[in-house]
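Residue numbers (the working numbering): 645 to 1037.
Ideal Cβ placement from N, Cα and C applies to all residues, glycine included.
None of the values given here were measured: they were computed from a predicted structure.
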């Protein structure tokens, strides 16, 4: 069995024609009001927005729990990078974050809607940022089609919002930027997706004969890379990240085969079923909230005690079974400094697992995943709750 962590384009959808963009891109029920620009890469969209802002020499204030790819546009724009804390529960501690905003007085503040949910303190913190004259950007990378508890689309509040559509929809590329006020630098041409077509054809063939484990063993990737391997690796921006480009025709096919209502309904239903089951596993602490009406969750986040090695053992075991699980180590250029200053994010990086849900998951995935988690936890044994989550430092 192999279940991808994200939906993918189906080879049978492709007939060589570019269908263009579907109507939901212009539908305010699914995409917030504002100027909409679609880019091949989300980070390019953020930089395209920053490029046309009248920025002074100053700082960008970003969460201490983000990947370096989210920081790259601010570095490229010439801003200093400052961080604000995220709690062990994957939430914004209001007093600490508001203090950082007032202390730094940043040009730009980035707020991340983790896994498709708005933090309860988000809007109050936006007010604080605006009192300090900051531009507000919403990171909706995994929050397409999702609403907050009051029914507002995520991405409706800030001066700009970014959606990494390739993370939630069946498309190899796609970063949607919604802006209010300042217009971003527009894309100039489509990115080539020839390599994506070849990859799609190869993986379709491999999956048709259930040969993924065999192929991984042939190319030297029979086991998944360790935590230590990822921790010190900083991902470079895509070679074609600038000047900005549009997604290619294969991505447009994937967008055209997307029904926002169906995506939202399926994700929410699967999320609630999985979250309920995971809450019953004593060793796991569920971090993401119940899915309210209108939510379109990316997945369920849980924390496992026992340090990063135990988390890695469970992660590797589930991936080898072909089940959907990921973890966000998210190394940063200033990694050591950030981890020492914001220890809670060390816990998130070393003890958290995310179980994605999406509308292409086969029936029975939730049952199979939960059964595997219970089995693997029994195999590795119970941990000492007091074990350090940062024993690698």
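Of the residues the options, the one placed nearest residue i, counting alpha carbons only
i, options, result
"residue 1049", "964, 916, 741", "One cannot answer for residue 1049 here, as it falls past the ends of the chain, which runs 645 to 1037."
"residue 666", "812, 837, 900, 935", "900"
"residue 947", "733, 723, 645", "733"
"residue 950", "826, 895, 928, 670", "928"
"residue 1014", "921, 889, 936, 980", "921"
"residue 747", "765, 762, 777, 767", "777"
"residue 765", "978, 786, 742", "742"
"residue 696", "827, 935, 975, 812", "827"
"residue 663", "1008, 897, 962", "897"
"residue 760", "945, 657, 694, 844", "945"
"residue 1021", "893, 925, 966", "925"
"residue 962", "653, 1018, 980", "1018"
"residue 835", "889, 965, 797", "889"
"residue 813", "654, 983, 1016", "654"
"residue 845", "758, 657, 646", "657"
"residue 715", "659, 983, 978", "978"
"residue 981", "726, 793, 964, 960", "726"
"residue 965", "683, 1012, 793", "1012"
"residue 1009", "847, 914, 893, 983", "914"
"residue 830", "758, 691, 934, 940", "691"
"residue 684", "775, 837, 851", "837"
"residue 824", "972, 1007, 694, 850", "694"
"residue 699", "723, 674, 960, 854", "723"
Simplified DSSP state of residue i, which is helix, strand or coil
i, result
"residue 808", "strand"
"residue 717", "helix"
"residue 898", "helix"
"residue 686", "helix"
"residue 709", "coil"
"residue 670", "helix"
"residue 797", "strand"
"residue 849", "helix"
"residue 947", "strand"
"residue 865", "A caution first: residue 865 carries a pLDDT of 43, below 50, which makes its placement in the model unreliable, though a value can still be read off. Residue 865 falls in the coil class under three-state DSSP."
"residue 834", "strand"
"residue 1017", "helix"
"residue 728", "strand"
"residue 957", "helix"
"residue 658", "coil"
"residue 1023", "helix"
"residue 695", "helix"
"residue 843", "helix"
"residue 649", "coil"
"residue 1010", "helix"
"residue 963", "helix"
Cut-off 6 Å between Cβ atoms - residues of its own chain near residue i, not counting five sequence neighbours on either side
i, result
"residue 864", "Residue placement at residue 864 is flagged as unreliable, the pLDDT there being 41, under the threshold of 50; the coordinate-derived value follows with that caveat. Correct list: empty, nothing qualifies."
"residue 740", "729"
"residue 807", "784, 788, 820"
"residue 780", "753, 770, 773, 802, 803"
"residue 709", "730, 989, 992"
"residue 832", "887"
"residue 818", "809, 810, 891, 895"
"residue 805", "782, 784, 799, 822"
"residue 986", "708, 729"
"residue 797", "676, 791"
"residue 680", "822"
"residue 763", "735, 736"
Close beta carbons around residue i, own chain, < 7 Å, minus the five adjacent residues each side
i, result
"residue 744", "705, 728"
"residue 1003", "651, 906, 907, 910, 911"
"residue 938", "791, 795"
"residue 737", "729, 731"
"residue 1000", "649, 650, 942, 943, 968, 970"
"residue 840", "816, 894"
Residue i Cβ short of 7 Å to the ligand MG heavy atom set
i, result
"residue 924", "Ligands are entirely absent from the displayed structure, and the ligand MG is therefore not among its contents."
Quiz item: Counting pairs of beta carbons, one from the segment 991-1001 and one from the segment 950-958, are three or more of them closer than 8 Å?
Solution: Contact between the segment 991-1001 and the segment 950-958 is established, with three or more Cβ pairs separated by less than 8 Å.
Quiz item: Can you list the alpha helix (DSSP H) stretches of 4 or more residues lying completely in the segment 740-785, in chain order?
Solution: 766-775, all fully within the segment 740-785.
Exercise. Identify every run of the beta strand (DSSP E) within the segment 976-1001, keeping only runs that are complete inside it and at least 3 residues long; order them along the chain.
Key: Within the segment 976-1001, the complete beta strand (DSSP E) runs of at least 3 residues are 996-1000.
Quiz item: If you pair each beta-carbon of the segment 747-754 with each one of the segment 695-713, do three or more pairs fall below 8 Å?
Solution: Touching, per the Cβ criterion.
Quiz item: Is it true that the segment 666-681 meets the segment 713-725, where meeting means three or more beta-carbon pairs spaced less than 8 Å apart?
Solution: Segments in contact, no.
Quiz prompt | Whole runs of the alpha helix (DSSP H) within the segment 889-939, excluding any shorter than 4 residues | solution = Segments of the alpha helix (DSSP H) lying fully in the segment 889-939: 893-900, 904-923.
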